[in-house]
Amino acid sequence: MSRRRPSRWHGLLPVAKLAGPTSHDVVDMARKALKERRIGHTGTLDPMAEGLLILCVGTATRLQQYLLAWDKTYEGRIRLGGATTTYDREGEAMEPAGPAPSLDEGALRELETRFSGEIDQVPPPFSAKKVDGKKLYELAREGREVHVEPKRVTVQSLRLELVEPGMLHFEVRTSSGFYVRSLAHDIGVHLGCGGHLEHLKRLRIGPYTAEAAISQEHLQAAGDPQEILEDPAWIPLEDLALPYPELTLNPGAEERFRHGGEVILLRQGEETFSQGDLAVLRGRENRLVGIGTVTNVLARGRTVVISPKMVLQRPEGS
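Start counting the sequence shown at 90; every next residue gets the next number (my numbering).
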């Protein structure tokens with residue numbers, strides 16, 4: 090059996106996706122452009138949606154689940170006057186449906202307050218969330234009704250604007266696991282007229298923005314991997330940011346951590362740690378070593394004990 094060729098490139102590639110292709114279609118574009126099979130994405134965008142899609146390349150694919158913890162910012166439009174089976178414009182009409190109410194500034198601010206902070210949210214029936222090992226959209230296509238428990242999510246900020254009768258523009262910043270389609274549907278149910286997502290664009294994931302991403306057109310047109318690697322959007326492994334505090338290992342501690350051993354570190358900076366927290370560990374030349382779990386906090390918080398949770402292999406040639 091032939092051995093898979095080691096990955097040559099390691100890092101993040103933020104892409105400004107256009108409406109139309111699936112997230113996996115964009116991964117295939119990147120595989121072709123970089124001539125690299127080991128590519129995944131963080132945070133699926135529906136085909137109708139556009140905006141930021143972050144691709145993980147090479148060793149960075151091991152960081153996908155950790156990148157999902159970043160907050161996300163979206164903008165788009167909600168059409169009032171009828172719900173749909175998919176909670177967006179591509180679904181079939183269903184109840185509730187009715188004339189959109191007149192919404193003045195007071196009513197819009199009330200809606201913002203109602204759907205901000207910690208809220209319970211049920212995923213759309215046509216989504217990739219799994220129940221009993223099967224994705225909801227697979228169960229929905231089979232015509233099976235499934236009870237899904239609400240999930241507690243956080244809306245850091247929500248701004249609504251009535252741009253025309255029956256059409257709301259929104260900008261929302263949310264925690265991981267939030268469904269914007271469910272927000273559109275739930276607003277329609279709350280108003281009694283029904284509603285669905287008309288348009289969606291993801292603007293930001295943590296520090297990464299659609300504005301600074303490589304365009305989908307450039308990705309598709311690239312004839313050589315260097316065209317991608319030399320683009321300002323490309324983020325090498327050592328430069329990527331994760332949503333956890335960072336600690337630096339000396340050479341001895343780095344070797345111990347890489348071999349699965351606990352390390353004891355003085356707290357660096359103003360970050361405070363609690364047992365169970367995650368931390369990013371870096372070594373020589375700012376090289377990303379892995380993710381650790383705080384197992385103990387000593388000396389009134391000045392010293393932390395960290396055990397490996399995920400250790401990155403040194404890329405070939407490092």
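Backbone N, C-alpha and C fix where the C-beta goes; we use that ideal spot for every residue, glycine too.
Check, Outcome
"Residue from G180, L355 and D320 whose Cα sits closest to the Cα of E335", "L355"
"Residues bridged to M118 [DSSP beta-bridge criterion]", "Per DSSP, none; premise fails for M118."
"Through-space distance from G100 to N375, alpha-carbon basis", "14 Å"
"Cα-Cα separation between V378 and T298, rounded to whole angstroms", "25 Å"
"For P103, the residue or residues it bridges with in DSSP", "I143"
"Continuous alpha helix (DSSP H) stretch holding D275: start and end", "V269 to L280"
"Contacting residues, own chain, Cβ-Cβ under 6 Å from T174 (five flanking each side not counted)", "G180, E181 and M183"
"Neighbourhood of V400 by C-beta, 6 Å cutoff - its chain only, sequence neighbours within 5 removed", "R347 and G379"
"Outcome for L225 when other beta-carbon atoms lying within 10 angstroms are tallied against a minimum of 16", "For L225, the predicted structure reports a pLDDT of 43, less than 50, and the residue's modelled location is therefore unreliable. A value from the coordinates is still provided. Looking at its Cβ environment, which holds 16 or more other Cβ atoms inside 10 Å, L225 is buried."
"Where S363 falls, given that 16 or more other Cβ within 10 Å makes a residue buried", "exposed"
"Cut-off 6 Å between Cβ atoms - residues of its own chain near A122, not counting five sequence neighbours on either side", "L308, A311 and I317"
"Contact set for R120: own chain, Cβ-Cβ below 8 Å, skip 5 residues either direction", "R126 and I128"
"DSSP state of F346 mapped onto helix, strand, coil", "helix"
"Extent of the continuous alpha helix (DSSP H) run through R371", "No alpha helix (DSSP H) contains R371, which is instead part of the beta strand (DSSP E) from L367 to R371."
"Those residues which DSSP pairs with Q210 across a bridge", "K240"
"Buried or exposed (CB count within 10 angstroms, at least 16 for buried), H279", "exposed"
"Touch test, the stretch 111-118 against the stretch 126-145, Cβ-Cβ under 8 Å, three pairs minimum", "yes"
"Sheet register partners of M137 (DSSP bridge)", "Beta-bridge pairing links M137 to no other residue."
"Beta-carbon proximity check, K290 vs A138, cutoff 8 Å", "yes"
"Residue environment, A34, which counts as buried when at least 16 other CB atoms sit within 10 Å", "As shown, the chain starts at 90 and ends at 407. That puts residue 34 outside it, with no answer to give."
"Three-state secondary structure (DSSP) of A301", "coil"
"E194, enclosing alpha helix (DSSP H) - first and last residue", "E194 to R203"
"Bridge partner(s) assigned by DSSP for K161", "T263 and I294"
"CB contact flag (G170, F259, <8 Å)", "no"
"Contact the stretch 241-259 vs the stretch 142-153: 3+ CB pairs below 8 Å", "no"
"First through last residue of the alpha helix (DSSP H) which encompasses L156", "Q153 to L156"
"Whole-angstrom C-beta distance between R270 and P213, which should lie under 8 Å", "5 Å"
"Residue environment, L387, which counts as buried when at least 16 other CB atoms sit within 10 Å", "exposed"
"Three-state secondary structure assigned by DSSP to R94", "coil"
"Pick from A186, N339, L286 and L292 that is closest to R262, judged by C-alpha positions", "L292"
"Helix, strand or coil at Q245 [DSSP, three-state]", "strand"
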